[in-house]
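> Residue 132 is where the sequence shown starts when you use my numbering, and the numbers rise one by one after that.
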Amino acid sequence: MFFGNRKGSGQNTGQDKVISMDSFRSGCSLSPIRQAEAYWTALRRGNDVPNRSQIDPRGLENILSQTFVLERIAPGIARFRLAGQKLNEMAGMEVRGMPLTAFFTPAARKQVSASLEHMFDAPSIVELTLSTVATRNNPAQEARMLMLPLRSDLGDVSRALGVFVSEGNATKTSQRFDVVATELRAVTAVRPVQKKQEYKSPAKTTNELNAGFAETQAKFGDERSVMDEARALAKKSREIMDETRQTLQKTGDQSKSKQNIAPHLRLVVSRD
């Protein structure tokens with residue numbers, strides 16, 4: 132914003148008005164458009180577009196009268212599912228259920244349909260600069276429209292969140308707009324917030340030399356549990372019992388073999 136000198140200061144150079152940089156020629160503020168886009172961006176996850184179910188009216192409470200929700204029903208055609216009071220005033224009737232192209236002149240409808248297809252297929256953000264046709268009694272009136280793509284409950288991009296900004300409709304008659312300019316912005320990926328990670332020292336492998344003059348680390352074996360020790364003791368006991376049993380069996384076999392030898396006499400002959 133630019134600030135001029137106060138009147139009566141003696142240094143007035145003609146710049147004594149406050150000029151807002153967030154408005155177009157008609158003097159309407161563009162803050163509702165920027166607020167809706169910021170809210171839509173905050174709902175995104177990565178490079179995806181938000182779901183229709185994520186939209187909470189409380190997040191757009193102060194611009195609900197200028198907000199609307201579209202539903203894609205055919206190629207190049209979208210209808211109003213929800214619409215604020217501002218849009219009803221501009222149309223001079225309830226617009227819920229009506230196609231979006233009803234707001235535009237026949238010459239501008241083809242351009243609006245192409246913008247809708249690009250928004251749903253790319254997907255992309257659409258911002259339109261609009262103007263009514265000047266008549267003898269009513270001068271041309273400017274307006275702005277922003278449309279932001281949304282996913283339906285089925286996961287396809289067939290919904291849109293929109294904001295309409297204009298001076299109003301004093302005549303309460305139906306207004307038709309021409310498209311003065313169209314701005315298409317591709318939905319780019321949102322940079323994820325990097326979480327602060329705790330520092331962890333690198334793990335050292337076995338026998339890796341430490342820094343400085345430290346000695347080589349000794350390799351430790353796996354710690355044995357109580358059950359492992361009990362199994363080892365039981366196995367050792369069985370081995371000892373088996374060895375004892377085999378020794379006793381061998382001793383018994385030798386004694387039996389001695390008993391089975393028949394007694395005999397030894398005859399010693401001497402011829403002396």
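Backbone N, C-alpha and C fix where the C-beta goes; we use that ideal spot for every residue, glycine too.
Grab me the residues of Gly383's own chain with a C-beta within less than 6 Å of its C-beta, minus the 5 sequence neighbours each way, in chain order.
Result list for Gly383: empty, nothing under 6 Å.
> Is it a yes or a no for the stretch 281 to 299 touching the stretch 174 to 193, going by three-plus beta-carbon pairs under 8 Å?
Yes, since at least three Cβ pairs between the stretch 281 to 299 and the stretch 174 to 193 fall closer than 8 Å, the two stretches touch.
> Determine the DSSP secondary structure at Val311, reduced to helix, strand or coil.
Reduced to three states, the DSSP call for Val311 is strand.
> Could you give the C-beta distance for Ala222 and Asp309, rounded to a whole number, given that I count them as a contact under 8 Å?
With 8 Å as the limit, Ala222 and Asp309 do not qualify as a contact, their Cβ atoms being about 16 Å apart.
> Which residue from Glu258, Leu277 and Arg307 puts its Cα closest to that of Glu314?
Looking at the Cα atoms, Glu258 is the closest of the given residues.
> For Ala317, list the residues DSSP reports as bridge partners.
Its beta-bridge partners are Ser255.
> Roughly how far, in whole angstroms, is the beta-carbon of Ile164 from the beta-carbon of Leu277, given that I think they are within contact range, below 8 Å?
Confirmed, Cβ separation roughly 5 Å.
> Would you kindly check if the distance between the Cβ of Ala214 and the Cβ of Phe199 is under 7 Å?
In this structure, Ala214 lies closer than 7 Å to Phe199 by Cβ.
> Excluding sequence positions up to five away, which residues of its chain have a Cβ less than 8 Å from the Cβ of Arg227?
So the list reads Phe211, Arg212, Leu213 and Ala214, once near-sequence residues are dropped.
> Jot down the residue ranges of each uninterrupted alpha helix (DSSP H) in the stretch 146 to 228, minimum 4 residues, whole runs only, in chain order.
Whole alpha helix (DSSP H) segments, 4+ residues: 162 to 173 and 216 to 222.
> In the DSSP output, which residue or residues are listed as bridge partners for Phe295?
According to DSSP, which records beta bridges pairwise, Phe295 is partnered with Met276.
> Suppose you measure from the CA of Glu168 to the CA of Arg176; what does that come to, to the nearest Å?
Approximately 15 Å, taken between the alpha carbons.
> Please list, in chain order, all residues of the same chain as Ser289 whose beta carbon is under 7 Å from its beta carbon, the five residues on each side excluded.
Only Glu202, Arg203, Phe251 and Ser283 meet the Cβ criterion.
> Is DSSP giving Ser262 helix, strand or coil here?
Strand, per DSSP.
> Closer than 8 Å by C-beta to Leu195: which residues in its own chain qualify, once you throw out the five before and the five after it? Chain order, please.
Hits under 8 Å: Pro188 and Gly215.
> Gly261 and Ala253: beta carbons closer than 7 Å?
The question names Gly, but residue 261 is Leu in the sequence shown. No, the pair does not count as a contact, with Cβ atoms beyond the cut-off.
> Indicate the three-state DSSP secondary structure (helix, strand or coil) for Ser283 in the structure shown.
In the structure shown, Ser283 sits in coil (DSSP, three-state: anything other than H, G, I, E or B).
> Helix, strand or coil: how does DSSP classify Ser305 here?
Coil, per DSSP.
> Can you tell me which residues form a DSSP beta bridge with Phe235?
DSSP, once it has assigned bridges, lists Phe308 as partnering Phe235.
> For Arg290, does the three-state DSSP call read helix, strand or coil?
Three-state DSSP puts Arg290 in a strand.
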